[in-house]
Amino acid sequence: MLQTIALSTSASTSLGDTIFVLISFIILMALIKRFAWDKVISVMEARRDKISQDLDNAATKRKEAESVVAQASTIIQNAEDQANTILTNSREASTKMQDEMIKEAREVVTRMKLDAQKEIDNMKQRSVMELQAQVGDISIELAQQILKKEISAKEHQELITSFIEGLDVK
28 MLQTIALSTS ASTSLGDTIF VLISFIILMA LIKRFAWDKV ISVMEARRDK ISQDLDNAAT
88 KRKEAESVVA QASTIIQNAE DQANTILTNS REASTKMQDE MIKEAREVVT RMKLDAQKEI
148 DNMKQRSVME LQAQVGDISI ELAQQILKKE ISAKEHQELI TSFIEGLDVK
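Letter by letter, the sequence shown follows residues 28 to 197 in this note's numbering.
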């Protein structure tokens, strides 16, 4: 029986402690509800709003960054296209200039050849005219010498030989 009393006392103590803790918890919750609950809820709502606002700002900033990246890509592509166009135009201009220079050089060479040919033809004509004049002069001299003296065939041959040797000296 003693045991039963001890058990019932310990069971009632335990039940009493549980009831005391339960009543204390209910009072604590009532006090928190009365004095701190609205403040805790407002802090939590403010924090939720701040986080939501930060997430919205981050999404907006991300969209702006993507837009800037797209614009930068467009600008870079346009710059590359312009650079390629400039290079192509430069190459074409260089090729055209090179072709024009080659054409001009060929024209100059052709003109120089024609001028040289004309000069050669003029020199030939002058040489022919000089030779004709010299032959004429030689013929006149020979005729004068022949007329001045009557010569035999042997003297005639010697006269021609001496005259030819005289030509070599001139």
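Just so it is clear, CB atoms sit at the ideal spot from N, CA and C, and this is done for glycine as well.
- Across the structure, LYS66 and ILE78 are spaced so that their CA atoms are roughly 18 Å apart.
- Pairing GLU134 with ALA143, the inter-Cα distance amounts to about 14 Å.
- Taken atom to atom, the span from the alpha-carbon of GLU72 to that of LYS90 is near 27 Å.
- In this structure, the straight-line span from the alpha carbon of ILE129 to that of ARG118 is close to 16 Å.
- Rounded to the nearest angstrom, the gap between the Cα atoms of LYS123 and ASN116 is 10 Å.
- With respect to the 8 Å criterion, PHE190 and LEU158 are not classified as neighbours on the basis of their beta carbons.
- C-alpha of SER69 to C-alpha of ALA99: approximately 44 Å in a straight line.
- Uninterrupted beta strand (DSSP E) stretches at least 3 residues long and entirely within the segment 43 to 120 do not occur.
- Distance from the CA of ASP126 to the CA of GLU93, rounded to the nearest whole angstrom, comes to 49 Å.
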